[in-house]
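Counted from 1, the sequence shown has number 107 at position 107 by UniProt numbering; the numbering is strictly sequential.
We treat Cβ as the ideally placed atom computed from N, Cα and C, and that holds for glycine.
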Amino acid sequence: MSASRGSVIVTTYNRAELLGYTLASVTRQTLPVDRFEVLMCDDGSTDDTAAVVDRFQDRLDITRLFHEHDGFGASRSRNEFYLRYHDDFADLPARWVMLWTATSRPAWRCRGPTTGC
């Protein structure tokens, strides 16, 4: 049986100065990086967001989805679960195992720092 995969969806807009901290927190989680992808949903940033994302390409399976103002991110996820959080939310490692356990049940999805169905 192959390992389940999930998506970590990070939404951002002109927050390059915080985005590095957020992506660094994703690299420190306890789930192996081959078990999830990172979808970086950039809502038309005009700052250094692309350069920040590029710095993490060698450590994460990360895809930058650039589109101006249409909220398309979650619809691109095709995995068993998704975790969505914003560019200034940098405490994923402490919560990852709890969220992964909760999302292993098909009826549950995660959004932000809380879990619900």
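C-beta atoms of residue i and residue j nearer than 8 Å
i	j	result
Thr49	Thr12	yes
Neighbour-count burial assignment, residue i, 16 or more Cβ in a 10 Å radius
i	result
Asp34	exposed
Thr22	buried
Same chain, Cβ closer than 7 Å to residue i, five either side skipped, listed in chain order
i	result
Phe36	Arg5, Gly6, Ser7, Val8
DSSP beta-bridge partners of residue i
i	result
Arg15	Paired residues: none, contrary to the question.
DSSP three-state assignment for residue i, whether helix, strand or coil
i	result
Cys117	Confidence is the limiting factor: at Cys117 the pLDDT is only 39, short of 50, which leaves the residue's position unreliable and the question unanswerable from this model.
Leu23	helix
Thr63	strand
Asp47	coil
Asp54	helix
Sequence-distant residues of the same chain with beta carbon closer than 6 Å to residue i, five excluded per side
i	result
Gly116	Any answer about Gly116 is weak, because its pLDDT of 44 lies below 50 and its placement is not dependable; what the coordinates show is given next. Hits under 6 Å: none found.
Val52	Ala16, Leu19, Gly20
Asn14	Ser45, Asp47
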